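Visitor: To start, I am sharing the structure in question, which I have written as structure tokens.
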Amino acid sequence: LAKTTQPISMDSYEGQEVNITCSHNNIATNDYITWYQQFPSQGPRFIIQGYKTKVTNEVASLFIPADRKSSTLSLPRVSLSDTAVYYCLVDPGNTGKLIFGQGTTLQVKP
Amino acid sequence: DVKVTQSSRYLVKRTGEKVFLECVQDMDHENMFWYRQDPGLGLRLIYFSYDVKMKEKGDIPEGYSVSREKKERFSLILESASTNQTSMYLCASSNPTGKNEQFFGPGTRLTVL
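Protein chains in written order, with our numbering: chain W, 2 to 111; chain C, 94 to 206.
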């Protein structure tokens, strides 16, 4: 499974757009890029997945450049409730296994 | 609404005790997983199962075993609990098709004294 690297922590203020970048230099052709969100005292939950270019849903956008060696999770106009740990994962899709790593702890301040 | 439940939110055991952590999912998922989460180490995979009576080791299986006798239930067993197994334990389930989304339970915080 390809290894991912993302910042350990980030701070932001309410109303700002937050971009979290993840690098995955060894991503394979069949791998998908997936992001999970974990609030304190809860298990992680899936928020978005993509293969290339841009994916958007009601929670976030995911930008993936053509070489797919990195990806950026974008959270528009964050609020205090977006304070959480965000995990970037590379998913080969054929084993069921996921490697979570440490994630990025996002702290949103008022 | 999809649901993964774990038998306890908090558990305190003594060193050497045998500990059972139970996980049940109601989504008819084939895959089930046990992770532990520790500060600074993220989530680490202990064991997973692709089917009833099937199990595979994850990254840190030492000191643990698992049981999956029914599709909806996946048990994590600490044969002889030790203080270094004090941790948050998270169970998850998924289907092997589609986007491979894992659904997590609320976690069990285990303290071994």
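Just so you know, even glycine gets a beta-carbon here, dropped at the ideal spot from N, CA and C. From a predicted model like this one, the values you see are computed outputs, not experimental measurements.
Is any beta-carbon of chain C found at less than 9 Å from that of L99(W)?
Guide: Translated into positions along the first sequence, residue 99(W) becomes position 98. True, the Cβ-Cβ gap to chain C drops below 9 Å.
Visitor: Run through the DSSP bridge pairs and tell me what V105(C) is partnered with.
Guide: Here residue 105(C) corresponds to residue number 12 of the second sequence, with the count starting at 1. Partner(s): T204(C).
Visitor: From K192(C) to Q39(W), what does the alpha carbon distance come to, in whole angstroms?
Guide: Here the question's residue 192(C) lines up with position 99 in the second sequence. Here the question's residue 39(W) lines up with position 38 in the first sequence. In a straight line, the C-alpha of K192(C) is about 18 Å away from that of Q39(W).
Visitor: Give the single residue among S175(C), E194(C), T190(C) and F196(C) whose Cα lies nearest to the Cα of L203(C).
Guide: Taking the first residue of the second sequence as 1, we reach residue 203(C) at position 110. Checking every option, the nearest Cα to that of L203(C) belongs to S175(C).
Visitor: Going by DSSP, what residue range makes up the beta strand (DSSP E) through M181(C)?
Guide: As a first step, residue 181(C) is located in the second sequence; it is residue number 88 there, counting from the start. From DSSP, the beta strand (DSSP E) with M181(C) extends over S180 to S187.
Visitor: According to a CB-to-CB cut-off of less than 9 Å, which residues of the stretch 32-56 of chain W neighbour chain C?
Guide: Y33, T35, Y37, Q39, S42, Q43, G44, P45, R46, F47 and Q50
Visitor: Quick check: is the beta carbon of L104(C) nearer than 9 Å to any beta carbon in chain B?
Guide: In summary, chain B is missing from the structure at hand, where the protein chains are W and C.
Visitor: Within its chain, find whatever has a CB closer than 6 Å to the CB of E115(C); leave out the 5 residues flanking it on each side and keep chain order.
Guide: Locating residue 115(C) in the second sequence gives position 22, counting from the first residue. Contacts found: S100 and S168.
Visitor: Do we get a CB-CB distance below 9 Å when we pair K148(C) with the residues of chain W?
Guide: Residue numbering aside, residue 148(C) sits at position 55 when the second sequence is read from its first letter. Cβ-Cβ to chain W under 9 Å: no for K148(C).
Visitor: Smallest Cα separation from L76(W): which of D12(W), D68(W), T5(W) and A29(W)?
Guide: Numbered from its first residue, the first sequence carries residue 76(W) at position 75. With distances taken between Cα atoms, L76(W) lies closest to D12(W).
Visitor: Taking its Cβ as the centre, do 16 or more other Cβ atoms sit within 10 Å of P132(C), making it buried, or is it exposed?
Guide: Residue 132(C) sits at position 39 when you count from the first residue of the second sequence. Classification of P132(C): exposed, given that the 10 Å Cβ count is below 16.
Visitor: If you measure beta-carbon to beta-carbon, which residues of the stretch 71-104 of chain W are closer than 7 Å to chain C?
Guide: D92, G94, G97, K98, L99, F101, G102, Q103 and G104
Visitor: Residues of chain W with CB closer than 7 Å to the CB of E194(C), please, in chain order.
Guide: Numbered from its first residue, the second sequence carries residue 194(C) at position 101. By Cβ distance, chain W contributes F47.
Visitor: Please classify R161(C) as buried or exposed, where buried requires at least 16 other C-beta atoms within 10 Å of its C-beta.
Guide: Here residue 161(C) corresponds to residue number 68 of the second sequence, with the count starting at 1. Buried, because 16 or more other Cβ atoms sit within 10 Å of the Cβ of R161(C).
Visitor: Indicate whether at least one CB of chain W lies closer than 9 Å to the CB of S180(C).
Guide: Position 87 of the second sequence, counted from the first residue, corresponds to residue 180(C). Under the Cβ criterion of 9 Å, S180(C) is not counted among the residues facing chain W.
Visitor: Within a Cβ cutoff of 6 Å, which residues of the same chain sit near Q195(C), ignoring the five residues on either side of it in sequence?
Guide: For the purposes of this step, residue 195(C) is taken as residue 102 along the second sequence, with counting starting at 1. A185 and S187, listed in sequence order.
Visitor: At a Cβ threshold of 9 Å, is R129(C) touching chain W?
Guide: Working through the second sequence from its first residue, we reach residue 129(C) at position 36. Not an interface residue.
Visitor: Per DSSP, what kind of secondary structure is S168(C) in: helix, strand or coil?
Guide: Here the question's residue 168(C) lines up with position 75 in the second sequence. Of the three classes helix, strand and coil, the one that applies to S168(C) here is strand, per DSSP.
Visitor: Compare the C-beta of F126(C) against all C-beta atoms of chain W and say whether one is closer than 9 Å.
Guide: Here residue 126(C) refers to the residue found at position 33 when the second sequence is read from its first residue. Closer than 9 Å: yes.
Visitor: Given that P167(C) touches chain W, what residues does it touch there, using C-beta distances under 9 Å?
Guide: Taking the first residue of the second sequence as 1, we reach residue 167(C) at position 74. The sequence shown places Phe at residue 167(C), not Pro. Under the 9 Å cutoff, chain W gives no residues; its nearest Cβ is about 13 Å from F167(C).
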